[in-house]
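Sequences listed follow chains A and B, in order. With the first letter of the first sequence counted as 1, position 71 gets the number 97 in the working numbering; the numbers rise by one all the way through. With the first letter of the second sequence counted as 1, position 91 gets the number 117 in the working numbering; the numbers rise by one all the way through. Even for Gly, the Cβ is constructed at its ideal location relative to N, Cα and C.
2 protein chains.
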Amino acid sequence: MREPLPRDMFDPACPSSMVPFQIGDKWAGMVLVCLADGPRRFSELRVPMYRVSAKVLTETLRALERDGMISRTAYDEIPPRVEYAITDLGRTLFPAMEACRAWALEYLPAVEQARASYAQRSA
Amino acid sequence: MREPLPRDMFDPACPSSMVPFQIGDKWAGMVLVCLADGPRRFSELRVPMYRVSAKVLTETLRALERDGMISRTAYDEIPPRVEYAITDLGRTLFPAMEACRAWALEYLPAVEQARASYAQRSA
DNA sequence: CTGTATCCGACACGATACTG
DNA sequence: CAGTATCGTGTCGGATACAG
């Protein structure tokens with residue numbers, strides 16, 4: 027017997043409804059990976075994430091800081107130095123991220139194949 | 027000893043770089059959950075996903091179909107009937123989705139707390 | 001160096017009307 | 001019923017210039 031659908035996929039009582047917004051951020055995962063084995067400076071992060079503008083990287087870092095995923099430490103020096111570090115809470119995301127990574131590794135070829143087949147059928 | 031950062035987080039050779047786009051879709055996960063225990067019609071899906079317009083739901087379904095996550099079956103009847111079903115490939119996403127769900131369940135309270143603390147500090 | 005301010009274009013999305 | 005077409009709006013994000 028098939029269950030009826032839930033009435034409301036956006037029910038605030040269901041924490042999963044927040045998943046797309048909470049851990050679905052486009053660049054947050056990359057930042058966390060970059061911080062995995064030690065604090066990094068803003069300019070250090072800009073290198074591997076060169077496709078993201080300074081503005082968006084800043085916004086991403088602020089959001090991660092606000093949510094307790096990373097910490098921001100500004101040193102009173104000239105020139106200024108700021109270091110971002112992942113928090114314990116931030117590290118708790120790694121298992122879920124690893125699950126996503128493992129999925130991509132295993133099934134991306136199948137997805138490519140499905141896309142090719144779909145393009146074929148559409149043509 | 028700390029590893030140097032990767033040079034390019036967007037390296038196409040790394041399947042993980044596709045994760046934000048492949049499984050980071052805002053509504054795809056909800057659709058798959060809705061299809062978990064049987065095929066559903068378009069209008070059935072609209073109910074729990076009432077915040078998503080027909081246009082966007084259609085786009086989401088098309089993308090999922092293109093990627094081989096769901097199948098679309100149109101019956102030649104009047105009035106028309108179309109059924110969407112999850113594929114075996116689509117089901118392979120569930121473990122990763124479950125990992126995200128479990129994370130949200132466990133750590134969302136900590137995030138809320140971090141947000142409150144951040145708001146406090148900013149005030 | 002680590003950002004912020006401003007402008008602007010592209011695109012995502014909803015609302016509405018319409019079709020087979 | 002299951003969409004598509006069109007339009008208007010809002011947000012995302014890059015580029016550039018500038019500040020502390």
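> Which two residues bound the contiguous beta strand (DSSP E) that contains A:Ala111?
Replying inline: Start at 1 with the first residue of the first sequence, and residue 111 of chain A comes out as number 85. For A:Ala111, the uninterrupted beta strand (DSSP E) segment begins and ends at 107 to 112.
> According to the Cβ coordinates, are B:Trp129 and A:Ala122 closer than 7 Å?
Replying inline: Taking the first residue of the second sequence as 1, we reach residue 129 of chain B at position 103. Taking the first residue of the first sequence as 1, we reach residue 122 of chain A at position 96. Yes, these two residues count as a Cβ contact at 7 Å.
>> Only counting the same chain, and skipping five residues up and downstream in sequence, which positions put a Cβ closer than 8 Å to that of B:Lys81?
In response: Mapped onto the second sequence, residue 81 of chain B falls at position 55. Around B:Lys81: no qualifying Cβ.
>> Can you tell me whether A:Thr86 is buried or exposed? The criterion is at least 16 other CB atoms within 10 Å of its CB, across all chains shown.
In response: Here residue 86 of chain A corresponds to residue number 60 of the first sequence, with the count starting at 1. Flag for A:Thr86 reads buried.
> Regarding B:Val78 and the ligand GDP, is the C-beta to nearest heavy atom distance less than 6 Å?
Replying inline: Annotation note on the ligand GDP: not contained in the displayed structure, which lists no ligands.
>> DSSP three-state label for B:Thr99, please.
In response: Taking the second sequence and counting its residues from 1, the one referred to as residue 99 of chain B is at position 73. Three-state DSSP puts B:Thr99 in a strand.
> So B:Ala136 is in the alpha helix (DSSP H); what residue range does that whole segment cover?
Replying inline: Mapped onto the second sequence, residue 136 of chain B falls at position 110. Per DSSP, B:Ala136 belongs to the alpha helix (DSSP H) from 120 to 148.
> Going along chain B in order, which residues have a C-beta closer than 7 Å to the C-beta of A:Ala136?
Replying inline: Numbered from its first residue, the first sequence carries residue 136 of chain A at position 110. Going along chain B in sequence order, the residues near A:Ala136 (Cβ under 7 Å) are Gly94, Leu115.
> Using the beta-carbon of each residue, which ones in chain A are nearer than 7 Å to B:Gln146?
Replying inline: One-based indexing of the second sequence puts residue 146 of chain B at position 120. Those within 7 Å of B:Gln146 in chain A number zero; the least Cβ separation is about 12 Å.
> Can you tell me the Cα-Cα spacing of A:Met75 and B:Arg107, whole angstroms?
Replying inline: By 1-based counting over the first sequence, the position of residue 75 of chain A is 49. By 1-based counting over the second sequence, the position of residue 107 of chain B is 81. Cα to Cα, the separation comes out at about 46 Å.
> In terms of residue numbering, what span does the alpha helix (DSSP H) encompassing A:Lys81 cover?
Replying inline: Here residue 81 of chain A refers to the residue found at position 55 when the first sequence is read from its first residue. That run of the alpha helix (DSSP H) goes 80 to 92.
>> 7 Å is my cut-off, CB to CB: does A:Tyr133 come that close to chain B?
In response: Counted from its first residue, the first sequence places residue 133 of chain A at position 107. It does: the Cβ of A:Tyr133 has a partner Cβ on chain B nearer than 7 Å.
> My guess is that B:Ser42 and A:Arg127 are in contact by the Cβ rule of under 8 Å, so how many angstroms apart are they, rounded?
Replying inline: Taking the first residue of the second sequence as position 1, residue 42 of chain B is located at position 16. Taking the first residue of the first sequence as position 1, residue 127 of chain A is located at position 101. So it is a contact: roughly 5 Å between Cβ atoms.
> Should A:Glu125 and B:Ala125 be called a contact, given that it needs their Cβ atoms to be closer than 7 Å?
Replying inline: As a first step, residue 125 of chain A must be located in the first sequence, where it is residue number 99. As a first step, residue 125 of chain B must be located in the second sequence, where it is residue number 99. A quick correction: the sequence has Ala, not Glu, at residue 125 of chain A. In this structure, B:Ala125 lies closer than 7 Å to A:Ala125 by Cβ.
>> Tell me the residue span of the alpha helix (DSSP H) that contains A:Phe36.
In response: Walking along the first sequence from the start, residue 36 of chain A turns up at place 10. No alpha helix (DSSP H) holds A:Phe36; DSSP gives it neither H nor E.
> Going by Cα to Cα distance, which pick from B:Asp51, B:Ile104, B:Asp114 is closest to B:Arg88?
Replying inline: Here residue 88 of chain B corresponds to residue number 62 of the second sequence, with the count starting at 1. Among B:Asp51, B:Ile104, B:Asp114, the Cα nearest to that of B:Arg88 belongs to B:Asp51.
> Can you name the start and end residues of the alpha helix (DSSP H) that A:Gly55 belongs to?
Replying inline: Along the first sequence, one-based indexing puts residue 55 of chain A at 29. Start and end: 54 to 60.
>> Using CA atoms only, rank isn't needed, just tell me which of A:Ala140, A:Arg92, A:Glu91, A:Phe36 is closest to B:Val57.
In response: The count along the second sequence starts at 1 and reaches residue 57 of chain B at position 31. The option with the nearest alpha carbon to B:Val57 is A:Phe36.
> Just by C-beta distance, which residues in the region 28 to 39 of chain A are closer than 8 Å to chain B?
Replying inline: Arg28, Glu29, Leu31, Pro32, Arg33, Asp34, Met35, Phe36
> Given B:Glu91, which residues of its chain have a CB within under 6 Å of its CB, disregarding the five upstream and five downstream residues?
Replying inline: Translated into positions along the second sequence, residue 91 of chain B becomes position 65. Correct list, in chain order: Arg98.
> Ends of the alpha helix (DSSP H) at B:Glu70?
Replying inline: Here the question's residue 70 of chain B lines up with position 44 in the second sequence. For B:Glu70, the enclosing alpha helix (DSSP H) has its first and last residue at 68 to 72.
> Taking the alpha-carbon positions, what's the B:Asp34 to B:Arg67 distance?
Replying inline: On the second sequence, position 8 is the one that residue 34 of chain B refers to. On the second sequence, position 41 is the one that residue 67 of chain B refers to. Those two C-alpha atoms are separated by around 43 Å.
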